[in-house]
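*Asks:*
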Amino acid sequence: MSEALPFMVSPPNLEGYAGNVGFDPFRFSDFAPMDFLREAELKHGRICMLAWVGFVSVDLGARIWPLPEAYAGLTSVTAHDALVVQGGMGQILLWTGLLEVLSSIA
Numbered sequence: 090m091s092e093a094l095p096f097m098v099s100p101p102n103l104e105g106y107a108g109n110v111g112f113d114p115f116r117f118s119d120f121a122p123m124d125f126l127r128e129a130e131l132k133h134g135r136i137c138m139l140a141w142v143g144f145v146s147v148d149l150g151a152r153i154w155p156l157p158e159a160y161a162g163l164t165s166v167t168a169h170d171a172l173v174v175q176g177g178m179g180q181i182l183l184w185t186g187l188l189e190v191l192s193s194i195a
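Numbering (the numbering used here), first residue to last: 90 to 195.
(1) Could you tell me the alpha carbon to alpha carbon distance between residue 163 and residue 91, rounded to whole angstroms?
(2) Residue 125 by DSSP, collapsed to three states: which one?
(3) Measure the C-alpha to C-alpha separation of residue 135 and residue 141 and round it to an integer number of angstroms.
(4) Nearest CA to the CA of residue 189: which residue from 111, 130, 102 and 171?
(5) Could you check where the alpha helix (DSSP H) with residue 181 kicks off and where it finishes?
(6) Among 105, 146 and 114, which one has its Cα closest to the Cα of residue 97?
(7) Would residue 122 be called buried (16 or more neighbouring beta carbons within 10 Å of its own) or exposed?
(8) Go ahead and label residue 100 buried or exposed: buried means 16 or more other beta carbons lie within 10 angstroms of its beta carbon, across all protein chains shown.
(9) Helix, strand or coil: how does DSSP classify residue 90 here?
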């Protein structure tokens, strides 16, 4: 039985990994190699940490100079809305999605 989820059977693919307490409730380890899952978790965790720094730095006053007049006085939330209207968020989604697909193929 799993230590983390006592009502479930411990997934066999987690054996031998550091910190294994049998937590894989959706059984992702049955469908993807553990090395791929471990790399994906590290990659996405680092991207989230970088995104948080960028989100907070805007509210703390970090700006790129020269700042266009349209962006004067923006906060993190209003900057998101402005970039959605302008189309910048769609470009970010497109390019990061493309990089994600290409990095998983390699």
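Idealized CB from N, CA, C, for every residue including glycine.
*Replies:* To lay it out plainly:
(1) Position 74 of the sequence shown, counted from the first residue, corresponds to residue 163. Position 2 of the sequence shown, counted from the first residue, corresponds to residue 91. In this structure, the straight-line span from the alpha carbon of residue 163 to that of residue 91 is close to 48 Å.
(2) Counting from 1 along the sequence shown, the entry for residue 125 is found at position 36. Under the three-state reduction of DSSP output, residue 125 falls in the helix class.
(3) Looking up residue 135 in the sequence shown gives position 46. Looking up residue 141 in the sequence shown gives position 52. Answer to the nearest angstrom: the Cα atoms are 10 Å apart.
(4) By 1-based counting over the sequence shown, the position of residue 189 is 100. Per the Cα distances, 130.
(5) Counting from 1 along the sequence shown, the entry for residue 181 is found at position 92. Boundaries of the alpha helix (DSSP H) around residue 181: 177-194.
(6) On the sequence shown, residue 97 is found 8 positions in, with the first residue counted as 1. Out of 105, 146 and 114, 114 has the C-alpha closest to the C-alpha of residue 97.
(7) If you number the sequence shown from 1, residue 122 lands on position 33. By the 10 Å Cβ count, residue 122 comes out exposed.
(8) The count along the sequence shown starts at 1 and reaches residue 100 at position 11. Residue burial is scored here from C-beta neighbours: residue 100 has at least 16 other C-beta atoms within 10 angstroms and is therefore classed as buried.
(9) Here residue 90 refers to the residue found at position 1 of the sequence shown. The answer is coil: DSSP assigns residue 90 none of H, G, I, E or B.
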